[in-house]
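Each residue of the sequence shown is one higher than the one before, starting from 143 at the first, in the working numbering.
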Amino acid sequence: MNTAAPPAPAVDRTAILAIILVSYVMIVLDISVVLTGLPRIHQDLGFSDSTLAWVQSAYTLTFGGFLLLGARAGDILGRRRMVIAGLAVFTVASLAIGASPSAGWMLAWRAVQGIGSAILAPTTLALLQTTFAEGDERTKAVSWYSAAAGISATVGLVVGGILADWVSWRMGFYINLPVGFGLIVAARAHIPETVRRPGRFDLPGALASTAGMSALVYGFIRSAQSGWSNPVTVATLAAAVLLLAFFIAHERRASQPILPLTLFASRERSGAYAARVLYLGAMVGFFFFTTLHLQEVVGYGPAMAGLAFVPATILHVPFAIAVPRLVRRFGRKPLLVVGLLVGIAGMAWLSRASADAGYVVSVALPMLLIGISQGLTLSPLTSSGVAGVVPEDAGAASGAVNVAHQLGSSVGLGVLIAVATIGSSSRAGRDLTAYRVAMAFNAATIMLVLALIVVLATIVLHRKSDEASACAAKAA
Numbered sequence: 143m144n145t146a147a148p149p150a151p152a153v154d155r156t157a158i159l160a161i162i163l164v165s166y167v168m169i170v171l172d173i174s175v176v177l178t179g180l181p182r183i184h185q186d187l188g189f190s191d192s193t194l195a196w197v198q199s200a201y202t203l204t205f206g207g208f209l210l211l212g213a214r215a216g217d218i219l220g221r222r223r224m225v226i227a228g229l230a231v232f233t234v235a236s237l238a239i240g241a242s243p244s245a246g247w248m249l250a251w252r253a254v255q256g257i258g259s260a261i262l263a264p265t266t267l268a269l270l271q272t273t274f275a276e277g278d279e280r281t282k283a284v285s286w287y288s289a290a291a292g293i294s295a296t297v298g299l300v301v302g303g304i305l306a307d308w309v310s311w312r313m314g315f316y317i318n319l320p321v322g323f324g325l326i327v328a329a330r331a332h333i334p335e336t337v338r339r340p341g342r343f344d345l346p347g348a349l350a351s352t353a354g355m356s357a358l359v360y361g362f363i364r365s366a367q368s369g370w371s372n373p374v375t376v377a378t379l380a381a382a383v384l385l386l387a388f389f390i391a392h393e394r395r396a397s398q399p400i401l402p403l404t405l406f407a408s409r410e411r412s413g414a415y416a417a418r419v420l421y422l423g424a425m426v427g428f429f430f431f432t433t434l435h436l437q438e439v440v441g442y443g444p445a446m447a448g449l450a451f452v453p454a455t456i457l458h459v460p461f462a463i464a465v466p467r468l469v470r471r472f473g474r475k476p477l478l479v480v481g482l483l484v485g486i487a488g489m490a491w492l493s494r495a496s497a498d499a500g501y502v503v504s505v506a507l508p509m510l511l512i513g514i515s516q517g518l519t520l521s522p523l524t525s526s527g528v529a530g531v532v533p534e535d536a537g538a539a540s541g542a543v544n545v546a547h548q549l550g551s552s553v554g555l556g557v558l559i560a561v562a563t564i565g566s567s568s569r570a571g572r573d574l575t576a577y578r579v580a581m582a583f584n585a586a587t588i589m590l591v592l593a594l595i596v597v598l599a600t601i602v603l604h605r606k607s608d609e610a611s612a613c614a615a616k617a618a
């Protein structure tokens with residue numbers, strides 16, 4: 143009698159990629175849809191000026207804090223299971239946020255939503271990494287992943303502004319319900335469950351990383367509101383340093399670490415993480431401060447402010463999709479350098495924006511350059527961040543990429559907000575906002591220059607021996 147196991151069912155890579163992309167679109171869309179709706183949220187729920195920033199910060203805090211935990215859970219418990227769990231948490235939280243009767247209710251559920259994203263984002267990226275082989279196949283998938291980010295960021299701003307002006311800001315969260323439910327059904331049908339890894343879960347590492355990352359993000363968020371000398375800010379940042387130092391020491395000894403330190407044995411991966419922090423800090427600053435410039439300096443309403451971001455997408459998406467062909471022709475490293483140089487030019491140009499210069503010259507044209515930069519840069523940075531990683535560490539590597547992304551988004555924005563206040567005490571009204579926006583864009587330009595230096599030092603000059611040393615470290 144034939145006892146051979148039946149052949150494994152064919153994997154529908156197209157369906158899996160679609161699930162990954164739509165999940166990522168939903169996460170990014172939800173981040174940006176809030177920005178242009180903030181004035182209406184401010185009025186409807188009675189937020190004070192000092193607490194309104196927490197609409198974003200409550201989400202960012204838990205997203206960044208739980209990322210490594212969410213990433214490793216996919217490795218250990220199975221990626222399909224964690225994709226469904228992340229989608230369920232995110233979707234339920236979206237419903238609760240849309241129904242918020244008060245500011246406190248909204249902030250609590252934004253924090254829960256951040257936990258859903260912390261599970262979903264690294265798990266879907268790890269799924270992309272293990273579904274598509276390294277090389278042209280993965281490069282193409284990652285390019286679509288980056289294009290999805292660009293589309294959803296801008297669409298979120300447009301949709302958020304239009305809904306806030308014409309319907310209600312709440313609809314920006316309600317639209318997640320059918321999308322989330324449909325994704326759960328699709329995930330159950332098309333994503334094969336990954337093998338659960340045996341062994342003990344790294345609970346001390348999980349707790350230390352979550353507490354340390356949360357404290358770090360909170361410290362920088364608070365510094366932007368209360369100053370660097372505030373006792374709570376100082377104590378929180380000190381606690382973050384101690385917790386993360388303990389985390390690193392623990393990971394060196396753990397048999398199944400939540401973040402294998404061998405990931406950093408590769409100079410290319412380490413450089414990609416550092417450059418991503420700097421790049422995302424500048425780009426999130428671009429979205430945040432351009433929104434302020436358009437609404438508070440130029441005088442646009444939410445809908446017009448959202449539509450004004452369209453030039454940032456026009457070239458972002460086609461360049462991101464063209465990345466696989468460009469990589470085959472020119473290589474990944476030249477694309478990174480060109481993308482960063484174009485971004486530096488666009489951000490420096492945008493720093494000269496004023497209400498009197500006109501939208502086309504001072505905003506739209508530099509937006510085109512920033513869109514090109516995002517299209518050329520994000521995909522190669524993602525590829526470098528997961529290059530050469532063994533399948534069992536795919537979730538951890540994806541978690542590291544997402545941690546760098548969130549650190550740049552939260553800490554980078556906190557730094558830019560703090561820099562923007564320097565020398566602004568004698569100004570008021572529109573003049574004050576214009577001054578802070580210009581200061582922030584100048585600082586963002588410096589961030590991009592630093593990112594270019596990191597890329598040149600660690601990726602462009604990267605030698606094959608780095609991968610050999612990484613493999614040797616893994617074997618040890």
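Don't be surprised by glycine CBs; every beta carbon is placed ideally from N, CA and C.
| Asked | Found |
| --- | --- |
| Just the C-alpha distance for alanine 329 and valine 225, rounded to the nearest angstrom, thanks. | 8 Å |
| Quick test of your reading: leucine 478 and isoleucine 601, contact by CB under 8 Å. State the CB separation rounded to the nearest angstrom. | 6 Å |
| Could you pull out every residue in the same chain whose Cβ sits closer than 8 Å to the Cβ of glycine 554, ignoring the five residues on either side in sequence? | Val419, Leu420, Leu422, Gly423, Ala424, Val426, Gly427 and Met589 |
| For asparagine 144, name the three-state secondary structure that DSSP assigns. | Legend: pLDDT at asparagine 144 = 47, less than 50; position of this residue unreliable, no value from coordinates given. |
| Alpha carbon to alpha carbon, how far is histidine 332 from leucine 163? | 14 Å |
| Alpha carbon to alpha carbon, how far is glutamine 516 from histidine 458? | 6 Å |
| What did DSSP end up calling proline 373 once you bin it into helix, strand or coil? | helix |
| For the alpha helix (DSSP H) containing arginine 252, name the first residue and the last one. | 245 to 273 |
| Can you tell which of Ser356, Val176 and Ile293 has the C-alpha that lies nearest to the C-alpha of threonine 433? | Val176 |
| Taking valine 327 as the reference, which of Arg222, Tyr360 and Ser310 has the closest Cα? | Arg222 |
| Apart from the five residues on each side of it in sequence, which residues of its chain come closer than 6 Å, Cβ to Cβ, to proline 453? | Ala506, Met509 and Leu510 |
| Quick check: the Cα distance between glutamate 438 and glycine 361, rounded to an integer number of angstroms? | 27 Å |
| Under the assumption that alanine 245 contacts phenylalanine 189 (Cβ atoms under 8 Å), give the Cβ distance between them as a whole number of angstroms. | 5 Å |
| Put threonine 387 into one of helix, strand or coil per three-state DSSP. | It is worth fixing the name first, because residue 387 is alanine in this sequence and not threonine. Helix at alanine 387. |
| Specify the secondary structure class of valine 309 as computed by DSSP and reduced to three states. | coil |
| Is proline 158 buried or exposed, if buried means 16 or more other CB atoms sit within 10 Å of its CB? | The residue you asked about is not proline; residue 158 is isoleucine in the sequence shown. Classification of isoleucine 158: buried, given that the 10 Å Cβ count is 16 or more. |
| When you compare only the Cα positions, how much space is there between alanine 615 and alanine 407? | With a pLDDT of 42 at alanine 615, under the threshold of 50, the modelled position of that residue is not reliable, and the figure given next carries that caveat. Approximately 7 Å between the Cα atoms of the pair. |
| Quick one: is isoleucine 564 buried, meaning 16 or more other Cβ sit within 10 Å of its Cβ, or exposed? | exposed |
| Would you call leucine 267 buried or exposed, if buried means 16 or more other Cβ atoms sit within 10 Å of its Cβ? | buried |
| Does DSSP put arginine 133 in a helix, in a strand, or in coil? | Nothing can be reported for residue 133, as the shown portion of the chain is limited to 143 through 618. |
| Among Leu180, Pro346 and Ala450, whose alpha-carbon lies nearest the alpha-carbon of arginine 312? | Leu180 |
| Which residues mark the beginning and the end of the alpha helix (DSSP H) in which glutamate 410 is found? | 409 to 434 |
| What residue range is occupied by the uninterrupted alpha helix (DSSP H) comprising proline 619? | With the chain covering only 143 through 618, there is no way to say anything about residue 619. |
| For proline 149, does the count of other Cβ atoms within 10 angstroms reach 16, so buried, or fall short, so exposed? | The predicted model places proline 149 with a pLDDT of 42, which falls under 50 and marks its position as unreliable; any figure quoted below should be read in that light. Burial call: exposed. |
| Which residues in the same chain as serine 368 place their Cβ atom closer than 8 Å to its Cβ, once the five residues preceding and following it in sequence are excluded? | Val374 and Thr375 |
| Excluding the five sequence neighbours on either side, which residues of its own chain have a C-beta within less than 6 Å of the C-beta of glycine 413, listed in chain order? | Val596, Thr600 and Ile601 |
| Quick check on isoleucine 317: does DSSP put it in helix, strand or coil? | coil |
| How many Å lie between leucine 249 and phenylalanine 274 at the Cα? | 37 Å |
| Between which two residues does the alpha helix (DSSP H) holding tyrosine 201 run? | 196 to 207 |
| Using the beta-carbon count (16 or more within 10 Å), is arginine 578 buried or exposed? | buried |
| By DSSP, does serine 540 sit in helix, in strand, or in coil? | helix |
| Are the beta-carbon atoms belonging to isoleucine 304 and leucine 449 less than 9 Å from one another? | yes |
| Within the continuous alpha helix (DSSP H) that includes glutamine 185, where are the two ends? | 180 to 187 |
| Check whether the segment 514 to 530 and the segment 387 to 401 touch, using three or more Cβ-Cβ pairs below 8 Å as the test. | no |
| CA-CA distance, glutamine 271 and arginine 280? | 7 Å |
| By alpha-carbon positions, which one of Phe451, Asn318, Leu210 and Lys282 ends up nearest to alanine 230? | Asn318 |
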